[in-house]
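Every number in the numbering used here is 10 more than the matching position in the sequence shown, counting from 1. Reviewing the structure listed below.
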Amino acid sequence: MTMPHHALEITLTRALTRAELDQAARTWPLAANHDATRLMAVVRAKSPGRACSRLRRQVDGRLPVDAIATHYPDPSGQVLLNVVLPPAALTTAAERTGQPLRLFVQGSVHRALARHAAEEANRLDLAVQHLLADTTPTQLLAALGRTLTHTPGATPC
Numbered sequence: 011m012t013m014p015h016h017a018l019e020i021t022l023t024r025a026l027t028r029a030e031l032d033q034a035a036r037t038w039p040l041a042a043n044h045d046a047t048r049l050m051a052v053v054r055a056k057s058p059g060r061a062c063s064r065l066r067r068q069v070d071g072r073l074p075v076d077a078i079a080t081h082y083p084d085p086s087g088q089v090l091l092n093v094v095l096p097p098a099a100l101t102t103a104a105e106r107t108g109q110p111l112r113l114f115v116q117g118s119v120h121r122a123l124a125r126h127a128a129e130e131a132n133r134l135d136l137a138v139q140h141l142l143a144d145t146t147p148t149q150l151l152a153a154l155g156r157t158l159t160h161t162p163g164a165t166p167c
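Dropping the structure here:
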């Protein structure tokens, strides 16, 4: 039986220097985003959880890892998040709410993601309102259509 590969994303607490990235890539094949604050890795393991654990063991102490997450959602649309948090602080906060630790962390993450989505929607609403102050909705929609359909390297009609 062959073991599946899992695509994982590493979020870093700070950008890596070129030397740090090169050294880490010698230990584990990694691909960095444009500013070296996020890395991608493919890990062979029986499950996504084991893949996250295996990768964390390999890169912890060598990289300023904030979180490791599965890059693709599972069949139920969930991603696995591997975060090292101070257990005493989490346990105390969970006890204050009367929730089990797992439910407390899950709820906190869901609230943070919902807050981020709402903030992003508000940011986009403000940007559109700013654009509409200087142009008509028809002009803005036409510009948006041109931008979305523009293919780099294609010759205009």
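Note that the Cβ used here is the ideal one computed from N, Cα and C, for glycine as well. The structure presented is a predicted model; accordingly, all values stated were derived computationally and were not measured.
In DSSP terms, what residue i is bridged to
i, result
"Ala51", "Leu18"
"Leu73", "Asp70"
"Leu91", "Ala79"
Cut-off 7 Å between Cβ atoms - residues of its own chain near residue i, not counting five sequence neighbours on either side
i, result
"Arg54", "Met13, His15"
"Ala25", "Asp45, Ala46, Thr47"
"Ala61", "His16, Leu18, Val53, Ala55"
Alpha carbon of residue i to alpha carbon of residue j, nearest angstrom
i, j, result
"Ala99", "Thr148", "53 Å"
"Ala77", "Thr145", "42 Å"
"Arg66", "Arg156", "43 Å"
"Ala143", "Thr159", "24 Å"
"Asp32", "Leu150", "44 Å"
"Thr27", "Asn43", "13 Å"
"Ala17", "Gln88", "14 Å"
"Thr101", "Phe114", "9 Å"
"Pro97", "Arg133", "34 Å"
8 Å Cβ shell around residue i - same chain, five flanking residues per side excluded
i, result
"Thr21", "Thr47, Arg48, Val75, Asp76, Ala77, Ile78, Ala79"
"Gln68", "Thr37, Trp38"
6 Å CB neighbourhood of residue i in its chain, flanking five on each side removed
i, result
"Ala164", "Note that Ala164 scores a pLDDT of 47, beneath 50, so its modelled location is shaky and nothing firm can be said."
"Thr23", "Pro74, Asp76"
Cβ-heavy atom distance, residue i to the ligand PLP, below 7 Å
i, result
"Ala99", "The model on display carries no ligand, and the ligand PLP is accordingly not part of it."
* Asked: Are at least three pairs of beta-carbons, each pair with one atom in the stretch 87-105 and one in the stretch 124-133, less than 8 Å apart?
  -> Output reads no: the stretch 124-133 does not touch the stretch 87-105.
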